[in-house]
Structures are given as C-alpha cells and as structure tokens.
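Note sheet for the following structure.
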Amino acid sequence: MKVPLLDLKLQYNSIKEDVEKAMLEVARSQMLILGKEVENIEKSLADYLGVKYAIGCSSGTDALLMALMALDIKPGDEIIIPTYSFFATAGVVARLNAIPVFVDSNPVTFNIEPSLIKNAITSRTKAIMPVHLYGQCADMEPIMAISREYNIPVIEDGAQAIGCQYKDGRMAGAFGLMGCFSFYPTKNLGGFGDGGLVVTNDEQLADKLKKMRNHGMHPKYYHGFIGGNFRLDALQAAVLNVKYPHLESWHEGRRKNAALYTKYFIESGLAEAEGILEFNEKNKVRLPKPVYKEINHRNYHIYNQYVIHVQKRDELRQYLGEKEIGTEVYYPVPFHRQECFKYLNPKDEQFPVANALSEQTIALPIFPELTEEQIRYVVEMIKEFYL
Ligand SMILES: *Cc1c(COP(=O)(O)O)cnc(C)c1O
Numbered sequence: 003m004k005v006p007l008l009d010l011k012l013q014y015n016s017i018k019e020d021v022e023k024a025m026l027e028v029a030r031s032q033m034l035i036l037g038k039e040v041e042n043i044e045k046s047l048a049d050y051l052g053v054k055y056a057i058g059c060s061s062g063t064d065a066l067l068m069a070l071m072a073l074d075i076k077p078g079d080e081i082i083i084p085t086y087s088f089f090a091t092a093g094v095v096a097r098l099n100a101i102p103v104f105v106d107s108n109p110v111t112f113n114i115e116p117s118l119i120k121n122a123i124t125s126r127t128k129a130i131m132p133v134h135l136y137g138q139c140a141d142m143e144p145i146m147a148i149s150r151e152y153n154i155p156v157i158e159d160g161a162q163a164i165g166c167q168y169k170d171g172r173m174a175g176a177f178g179l180m181g182c183f184s185f186y187p188t189k190n191l192g193g194f195g196d197g198g199l200v201v202t203n204d205e206q207l208a209d210k211l212k213k214m215r216n217h218g219m220h221p222k223y224y225h226g227f228i229g230g231n232f233r234l235d236a237l238q239a240a241v242l243n244v245k246y247p248h249l250e251s252w253h254e255g256r257r258k259n260a261a262l263y264t265k266y267f268i269e270s271g272l273a274e275a276e277g278i279l280e281f282n283e284k285n286k287v288r289l290p291k292p293v294y295k296e297i298n299h300r301n302y303h304i305y306n307q308y309v310i311h312v313q314k315r316d317e318l319r320q321y322l323g324e325k326e327i328g329t330e331v332y333y334p335v336p337f338h339r340q341e342c343f344k345y346l347n348p349k350d351e352q353f354p355v356a357n358a359l360s361e362q363t364i365a366l367p368i369f370p371e372l373t374e375e376q377i378r379y380v381v382e383m384i385k386e387f388y389l
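Sequence positions in the sequence shown follow my numbering and run 3 to 389.
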C-alpha cells in the first residue's frame with residue numbers, strides 16, 4: 003500500500019471549484035498585490051487568533067524578519083531561540099547580524115525548554131523567539147513570566163502552529179509582542195506558493211509592519227525608515243480565503259489520525275502510552291503527546307507533523323521507504339551543529355536533548371485525508387521492522 007508523507011492533491015480536489023473560481027476572479031480583476039483579498043484573510047485570521055492586527059506578508063521567513071526589524075534589532079543584539087527548529091528561525095537573526103543564542107529542547111514537546119532560558123539571557127538579549135514546533139504550543143506561561151521579569155519581548159514562531167491552543171485556550175501567536183505564521187503549502191493553512199503573516203495587539207507596531215512590507219513607504223515615495231518588499235499576493239490571499247473556513251476540520255482530521263496512530267501503536271505492543279521517555283522492551287517507539295490536554299482538554303495540538311522517537315531511525319526510514327511509506331526527518335542537524343553557525347562556537351554537550359531528537363525522530367504521514375487503513379499499515383510495517 004502506498005502511503006505518501008503528504009498528498010496535497012486530495013485536499014485540492016475537495017475544494018477545487020471554489021479555489022479556481024477565486025483565482026479566476028483575481029485574474030480578471032488584475033488587482034494582484036495586497037488589496038481586498040489580503041484584507042479579508044487578515045481580518046479572518048486576526049479574529050481566529052484573537053489578536054487585534056494581522057499583517058499579511060511574503061513568507062513565514064519574512065514574517066520573522068519583519069518582526070525583528072520592527073524591534074530595530076541591530077548587529078550584536080542577541081535573540082534567544084531553540085536550537086532545534088526549521089532553519090528560518092535562526093537564519094533571520096543572523097541575516098540582521100544579530101546573534102542567535104541557542105537553547106536546548108524539552109524531550110516531550112520538542113519545544114524550547116523554558117527552564118534553560120534565564121541562563122541564556124545577557125544584557126544584549128533583545129528578544130526571546132520560541133517556536134511552536136510541529137503544531138504544539140511552546141510552554142508560554144513560564145516564557146511570558148521570564149519576558150515580564152526581564153522586560154524582554156517575545157516573538158512567536160508559529161509557522162507550524164496556526165490554530166494551536168495553549169492550555170488556557172489562547173492561540174499560539176497571541177502571547178508575544180508579535181506572532182509569525184507561514185502559508186507555505188505544507189503548513190496546515192497553505193497557499194499556492196509562499197506567504198506569511200505577522201500578528202500583534204500593538205497598534206504602533208501594526209502600523210510599522212504595514213509600512214515595512216512596502217519598503218517603509220508612507221506616504222507614496224516617502225520613506226521614514228527602511229523596509230523591504232514583503233508584500234502578499236492577492237492570488238495567495240484568495241486561495242487562503244477559500245481554505246480558511248475548512249481549517250478547523252483539517253486540524254480535526256489530523257488529530258483524529260494522531261489518535262489512531264496512538265491506538266494502533268499501543269495495540270501493536272510497540273508503545274504503552276503517549277509521551278513515555280524511555281526506550282525499553284515495551285516501548286520501542288515513543289509517541290508524541292499533547293502535554294496539557296489532561297489539565298483541561300485544551301492544548302489542541304494541530305499536528306502539522308506527527309513525529310515519533312525511534313531506535314535505528316535511519317534503517318527504519320529505509321525500510322518504510324521500501325514499503326512505499328513516505329517519511330521525513332525534521333531536523334537532522336540542529337542549529338548548533340550547522341556549518342554556518344560554527345563561528346558562534348556552540349558547545350555540543352549543552353544540547354543533549356536536541357542532539358537526541360535530531361538523531362532519533364522521524365515524521366510519519368499525518369495529513370487529514372489519510373485513511374485508517376493506511377495508518378494501520380504504517381504501524382504494521384514499523385512493527386515488522388522491529389520484529
Ligand atoms: C516553515 C517555517 C518557517 C518559514 O516559513 P516560510 O513560509 O517557508 O518562509 C519558519 N519557522 C518554522 C518553524 C517553519 O516551520
């Protein structure tokens with residue numbers, strides 16, 4: 003049985019007519035950049051996320067870059083980030099000649115470990131940038147407490163987490179001074195190309211971000227500060243406007259699939275429960291866990307990725323590949339091990355959790371349209387590998 007890691011055509015086919023109609027309207031209007039479609043998706047997502055302002059932009063990477071530029075981050079400023087994330091989180095910091103300060107991860111959530119943040123703070127720290135990795139909220143309560151205590155702003159990298167709730171029911175991206183999102187096609191809300199979003203409750207920052215995405219221009223051809231071309235296309239926004247009403251049901255599909263994986267992994271004898279940290283005879287596979295769910299049934303993990311810990315990861319991946327099961331490794335090289343950050347002299351032994359995650363985790367197919375039969379087959383093949 004073929005089980006691709008992701009099949010975007012299935013989603014497309016389910017909304018094809020509406021998407022094509024919306025795209026055709028944009029084509030006929032020839033209003034191609036910003037405009038009404040962009041304003042509509044900004045309004046929808048500000049309401050959805052529970053924030054006052056949402057500013058569409060050219061990508062998730064540019065959303066992060068704009069957020070840092072809006073804070074006037076200067077060369078030598080330090081930004082605290084998890085060492086285990088997609089490259090953009092660190093890349094945007096370094097592009098401004100600021101210094102990414104790496105922090106190790108929590109082994110259950112894969113997110114930045116809040117208890118290690120204080121140690122990373124110096125007089126040059128200008129922001130803390132937690133990532134809500136794979137669609138689960140970073141532990142925002144202690145992170146915001148540190149932010150208040152040291153008066154250091156938080157920028158949330160919510161690129162993989164649009165619509166994920168923390169234990170208090172608030173959405174990822176609504177905690178910090180700014181929250182950043184991506185509409186890259188593989189994200190839970192994906193466009194037909196690149197796109198991104200910055201959200202904030204701060205009116206002045208919202209105003210600055212709107213000018214920033216258009217070269218800091220206001221009024222026309224007058225530039226109070228230097229921005230860039232970070233604009234969002236109308237065509238992307240039109241697609242997002244069609245997709246947005248389906249977002250919750252797609253999240254629900256992913257959650258249902260995650261629950262099926264848990265069920266079949268436990269039934270197969272490969273794992274006893276979600277979130278167990280040791281490998282042993284009864285736990286050949288370690289399952290992801292929406293950690294705060296027991297507390298009040300919130301913390302809605304949106305499973306942008308479904309990532310398990312395993313032993314003999316690379317051999318397993320090879321085996322599943324032979325069985326036509328698509329998998330991916332996010333991320334094989336944490337920032338402190340990247341060639342491009344050698345100049346920072348990071349100490350490898352400071353990041354034992356991220357190192358283990360990068361060596362032992364594998365992402366399984368989780369997209370909403372996956373069938374129960376396919377999920378059962380994936381678990382069966384993993385069991386076969388470990389027999
Ligand atoms: C996808 C992603 C980004 C970047 O988004 P793009 O739209 O691809 O530029 C940033 N951070 C994380 C954690 C991501 O997963």
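Where a beta carbon is used, it is the ideal one built from N, C-alpha and C, also for glycine.
(message) Here's the rule: buried if 16 or more other CB atoms are within 10 angstroms of the residue's CB, otherwise exposed. What is threonine 124?
(response) Around the beta-carbon of threonine 124, fewer than 16 other beta-carbon atoms lie within 10 Å, marking it exposed.
(message) Quick check: is any heavy atom of ligand 1 less than 6 Å from the C-beta of glutamine 162?
(response) Yes.
(request) Compare the beta carbon distance of methionine 25 and alanine 239 with 7 Å and say whether it is the shorter of the two. (result) For methionine 25 and alanine 239, no; Cβs fall outside 7 Å.
(message) Please return the same chain residues whose Cβ sits closer than 7 Å to the Cβ of leucine 262, not counting the five positions on each side in sequence.
(response) Here leucine 262 has Glu374, Ile377 as same chain residues with Cβ atoms under 7 Å from its own Cβ, once five neighbours each way along the sequence are excluded.
(request) Look up glutamine 167 in the DSSP assignment and give the residues it is bridged to. (result) Answer by DSSP bridge pairing, in chain order: Met173.
(message) In this structure, how does DSSP classify methionine 180 when only helix, strand and coil are distinguished?
(response) Secondary structure of methionine 180 (DSSP, three-state): strand.
(request) Would you grab the beta carbon distance between aspartate 235 and leucine 34 for me? Rounded to a whole angstrom, and I think it's under 8 Å. (result) Right, the Cβ-Cβ distance comes to about 6 Å (below 8 Å), so this counts as a contact.
(request) Scan the region 206-257 and note each continuous alpha helix (DSSP H) run of 4 residues or more that stays entirely inside, going in chain order. (result) If we require 4 residues or more, the alpha helix (DSSP H) runs fully inside the region 206-257 come out as 236-245.
(request) May I ask which residues mark the beginning and end of the beta strand (DSSP E) holding alanine 275? (result) Counted as a single uninterrupted DSSP element, the stretch harbouring alanine 275 is not any beta strand (DSSP E), since DSSP gives it neither H nor E.
(message) Restricting to runs no shorter than 3 residues, where is the beta strand (DSSP E) found entirely within the region 70-127?
(response) 80-84, 101-105, all fully within the region 70-127.
(message) Considering only DSSP beta bridges, list what valine 200 is partnered with.
(response) Answer by DSSP bridge pairing, in chain order: Ile57, Cys182.
(message) Using the Cβ count rule (16 or more neighbours within 10 Å means buried), how would you classify tryptophan 259?
(response) According to the sequence as given, residue 259 is asparagine; it is not tryptophan. Buried: at least 16 other Cβ atoms inside 10 Å.
(request) Starting from isoleucine 130, follow its DSSP beta bridges and name the residues at the other end. (result) Ile82, Val156, per the DSSP bridge assignment.
(request) Grab the span of the beta strand (DSSP E) containing tyrosine 2 for me, first residue to last. (result) Only positions 3 to 389 of the chain appear in this structure, which leaves residue 2 out of reach.
(request) Kindly indicate which residue of Glu351, Val355, Phe387 has the alpha-carbon position closest to the one of aspartate 316. (result) The option with the nearest alpha carbon to aspartate 316 is Phe387.
(request) Please report the residue range of the alpha helix (DSSP H) in which alanine 356 lies. (result) Counting along the chain, the unbroken alpha helix (DSSP H) around alanine 356 starts and ends at 354-362.
(request) Please report the residue range of the alpha helix (DSSP H) in which valine 28 lies. (result) 10-31 is the extent of the alpha helix (DSSP H) around valine 28.
(message) Using CA atoms only, rank isn't needed, just tell me which of Lys38, Lys18, Val110 is closest to glycine 277.
(response) Ranking the options by Cα distance to glycine 277, first place goes to Val110.
(message) Cutting at 7 Å between CB atoms, please list the residues of its own chain near valine 359, excluding the five before and the five after it.
(response) Per the sequence presented here, residue 359 reads as leucine, with valine not at that position. Excluding sequence positions up to five before and after leucine 359, its CB lies within less than 7 Å of the CB of Tyr86, Ser107, Phe112, all in the same chain and listed in chain order.
(message) Mapping the DSSP letters down to three states, classify isoleucine 35 as helix, strand or coil.
(response) DSSP places isoleucine 35 in strand when its eight states are reduced to three.
(message) Assuming glutamine 313 and glutamine 362 are in contact, meaning their beta carbons sit under 8 Å apart, how far apart are those beta carbons, in whole angstroms?
(response) Taking C-beta atoms under 8 Å as the contact rule, glutamine 313 and glutamine 362 qualify, at a distance of about 7 Å.
(request) Decide if serine 251 is buried, meaning its Cβ has at least 16 other Cβ atoms within 10 Å, or exposed. (result) Exposed, by the Cβ-count rule.
(request) Please confirm if the region 3-22 is in contact with the region 225-233, defined as three or more CB-CB distances below 8 Å between the two stretches. (result) They do not touch, by the three-pair rule.
(request) Could you spell out where the alpha helix (DSSP H) holding glutamate 386 opens and where it closes? (result) Here the alpha helix (DSSP H) through glutamate 386 covers 374-388.
(request) For glutamate 44, collect the residues of the same chain with a Cβ closer than 6 Å to its Cβ; drop the 5 residues on either side in sequence, then sort them by chain order. (result) Only Ala56, Gly58 meet the Cβ criterion.
(request) Tell me where the alpha helix (DSSP H) around aspartate 316 begins and ends. (result) Segment 315-324, the alpha helix (DSSP H) holding aspartate 316.
(request) Confirm the yes/no value for this check: CB of alanine 90, any heavy atom of ligand 1, distance under 6 Å. (result) Indeed, a heavy atom of ligand 1 lies less than 6 Å from the Cβ.
(request) Just the C-alpha distance for proline 155 and threonine 91, rounded to the nearest angstrom, thanks. (result) So the two alpha carbons sit approximately 16 Å from each other.
(message) Nearer than 6 Å: is that true of the beta carbon of valine 105 relative to any heavy atom of ligand 1?
(response) Every heavy atom of ligand 1 is 6 Å or more from the Cβ of valine 105, so no.
(request) Below 6 Å CB to CB, which residues in the same chain sit around asparagine 203 once its five sequence neighbours on both sides are set aside? (result) The answer, listed in chain order, is Val53, Lys54.
(request) Put leucine 135 into one of helix, strand or coil per three-state DSSP. (result) Of the three classes helix, strand and coil, the one that applies to leucine 135 here is helix, per DSSP.
(request) Would you check whether ligand 1 has a heavy atom nearer than 6 Å to the C-beta of threonine 363? (result) No, the beta carbon of threonine 363 sits no closer than 6 Å to any heavy atom of ligand 1.
(message) Closest to leucine 73 by C-alpha separation, out of Ala129, Ile83, Pro102, would be which residue?
(response) Ranked by how close their Cα comes to the Cα of leucine 73, the residues Ala129, Ile83, Pro102 have Ala129 in first place.
(message) Please state the DSSP three-state secondary structure of asparagine 347.
(response) DSSP places asparagine 347 in the coil class of the three-state scheme, outside both helix and strand.
(request) Count the other CB atoms, across all protein chains shown, that sit within 10 Å of the CB of aspartate 350; report buried if there are 16 or more and exposed otherwise. (result) Here aspartate 350 is exposed, its C-beta having fewer than 16 other C-beta atoms within 10 Å.
(request) Using beta-carbon positions only, say whether alanine 65 and valine 200 come within less than 7 Å of one another. (result) Judged by their CB atoms, alanine 65 and valine 200 are nearer to each other than the 7 Å cut-off.
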